Amino acid sequence: MNAKYKYVNLPPVTRQLIRYSEILKQTTHNLDKDFVEFEQQSKVQSKTNKLEQIIVFMGELRQTIYDNQAAIKQMVEFVDRHRGFFLKKDLQWVYEIKKYYNNRIVIQYFESLENYLDNFEILLRFCYQNFDAITKEESAAHLKNYDEYYLRYRRAVDSHSRFNVKRIEFQNDFIKRYPEIKEYLPAKRQTQTKAIRFLE
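Residue numbers (numbering that gives the first Met the number 0): 0 to 199.
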C-alpha cells in the first residue's frame, strides 16, 4: 500500500519519469545478466545439444536487447516531449541519459553487437544443421562454407571488441562527469566469446 501511494503527490510528468527510469534500469540489468549467461553458454562444446541450447538462448537474448532498446527509446522520447518541465525542475540528469544513448560511439556499439550476434547465429545454425559433415570432414563444400561463416564471425567478434573498448572508455569518462546516471547504463563488460572451431 505504501509503495502504491509513495508518488501520489508528485506531478504526473514526474511520476511517469520515475516509471520510465525504473523500466530502463530493470531492462539494462536484465541485459547485463543475460550477457553473463550468454558468455558462459557461448563457450560451447562440440555437441549438437549444446549448439541447440545456445541458439535457443540467443532468441531470448535478442528479446532482452529489444526490451532494453524500447526502454531507451521510450525514455529519450519522453525527455524530448517534456523538455520545458525538466528544465524548470532542474532535472539535468535526465538529459545526460539521453546524451549518453544518443552518442555516436554508443550507437555504433549497439550496431556492432547486432552484427556480432547475427554472424554468430549464422555460424551456429550452419554447424548444427551440418554437424557430421563438418566434424568428420567428409564434404569439401561444407568445409568451405564453414570456413567462410567462421571468418565472417571472427571479423564480427574483432569489430565488436573494438567498438566495445571505445564504448567502455567513453562510458568511464561519462560516469566520472555524471555519476548519478550510472545505474541507467550497461555494465562495462568485454566481449570474451571464443569462436567455435570443430576442426582444430
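Each residue gets a CB set at the ideal place from its N, CA and C atoms; glycine is no exception. Note that this is a predicted model, so its numbers are computed, not measured.
May I ask which residues mark the beginning and end of the alpha helix (DSSP H) holding residue i?
| i | result |
| --- | --- |
| residue 11 | 11-40 |
| residue 200 | Because the chain here runs from 0 to 199, residue 200 falls outside it and cannot be looked at. |
| residue 79 | 47-80 |
Could you have a look at residue i and say whether DSSP puts it in helix, strand or coil?
| i | result |
| --- | --- |
| residue 123 | helix |
| residue 132 | helix |
| residue 101 | coil |
| residue 89 | coil |
| residue 181 | helix |
| residue 4 | Confidence at residue 4 is low in this model, with a pLDDT of 47, below 50, so its placement is unreliable and the value that follows should be read with caution. Residue 4: coil per DSSP, three-state reduction. |
| residue 187 | coil |
Answer with buried or exposed for residue i, where buried requires no fewer than 16 other C-beta atoms within 10 angstroms of its C-beta.
| i | result |
| --- | --- |
| residue 181 | exposed |
| residue 70 | buried |
| residue 139 | exposed |
| residue 35 | exposed |
| residue 118 | buried |
| residue 0 | At residue 0, the pLDDT of 45 sits below 50, so the modelled position is not reliable; the number obtained from the coordinates is stated separately. Exposed: under 16 other Cβ atoms inside 10 Å. |
| residue 65 | exposed |
| residue 96 | buried |
| residue 156 | buried |
Using 9 Å as the threshold, is the C-beta distance between residue i and residue j below it?
| i | j | result |
| --- | --- | --- |
| residue 116 | residue 61 | yes |
| residue 89 | residue 186 | no |
| residue 25 | residue 99 | no |
| residue 162 | residue 108 | yes |
| residue 22 | residue 73 | yes |
| residue 159 | residue 114 | yes |
| residue 91 | residue 85 | yes |
| residue 56 | residue 40 | yes |
| residue 137 | residue 131 | yes |
With a threshold of 9 Å between beta carbons, is residue i in contact with chain B?
| i | result |
| --- | --- |
| residue 153 | Included in the structure is just one protein chain, with no chain B present. |
The segment 13-21 / the segment 71-79 touching (three or more Cβ pairs under 8 Å)
Flag = yes, the segment 13-21 and the segment 71-79 touch.
Specify whether the segment 172-181 and the segment 116-134 touch according to this definition: at least 3 beta carbon pairs, one from each stretch, less than 8 Å apart.
no
Sufficient close CB pairs (3 or more, under 8 Å) joining the segment 126-138 to the segment 47-55
Taking a cut-off of 8 Å on C-beta distances, the segment 126-138 touches the segment 47-55, as three or more cross pairs fall below it.
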